[in-house]
């Protein structure tokens, strides 16, 4: 005859409740890495609208070596970006000089020169009428480049004269 052992029953019930009815819980963790990236491209902009016009004002036809330095070119380039600024020969240049054309009689001209410094280095495009302004590095902020201009002789008929020069930034 078999005897009922209550301790055996408790052991069985304990094992069944632990393994059969209670969920098994395992705690853990894992990690993963990801990148955060950006590509900054070099960029530059040029602004001649603020003080870009060279204005000699009203001058007597006998005037010589008329100089002005009130014009400028504003350049904004990405910090650390090397750049140059070139000035073309203008719309009315001949083989020897930049020229403003008469606005009333368009066969009259007044020659002029543009400089990148205080009237010593002619400012051009490395092909005509001077060299580019180089060795420049962007700061991320506006950098001002003064234009020094000179009319060697105002000996021309009385009227308004004008030329248009294109400034080009290369980076």
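Numbering (the working numbering), first residue to last: 4 to 174.
All C-beta atoms in this analysis are idealised placements derived from N, C-alpha and C, irrespective of residue type, glycine included.
Keep in mind it's a predicted model, so treat the numbers as computed, not measured.
If you check the beta carbons only, do residue i and residue j fall under 8 Å apart?
i: residue 154; j: residue 113; result: yes
i: residue 121; j: residue 151; result: yes
i: residue 141; j: residue 84; result: yes
i: residue 147; j: residue 97; result: no
i: residue 47; j: residue 145; result: no
i: residue 35; j: residue 82; result: no
i: residue 174; j: residue 45; result: yes
i: residue 95; j: residue 103; result: yes
i: residue 72; j: residue 54; result: no
i: residue 69; j: residue 157; result: yes
So for residue i, helix, strand or coil by DSSP?
i: residue 140; result: strand
i: residue 43; result: coil
i: residue 174; result: coil
i: residue 151; result: strand
i: residue 93; result: coil
i: residue 109; result: coil
i: residue 114; result: strand
i: residue 78; result: strand
i: residue 164; result: strand
i: residue 158; result: coil
i: residue 67; result: strand
So is residue i in contact with chain D if we call contact Cβ pairs under 8 Å?
i: residue 111; result: Of the chains in the structure shown, none is chain D; there is only one protein chain.
Whole-angstrom Cβ separation of residue i and residue j, contact assumed at under 8 Å?
i: residue 91; j: residue 42; result: Wrong, their Cβ atoms sit about 33 Å apart, outside the cutoff.
i: residue 134; j: residue 124; result: 7 Å
From this set, the options, which residue's C-alpha is nearest residue i's C-alpha?
i: residue 63; options: 171, 160, 82; result: 160
i: residue 66; options: 115, 101, 77, 52; result: 115
i: residue 105; options: 40, 171, 167; result: 167
i: residue 88; options: 157, 165, 149, 156; result: 149
i: residue 165; options: 80, 101, 53; result: 101
i: residue 111; options: 32, 38, 163, 28; result: 163
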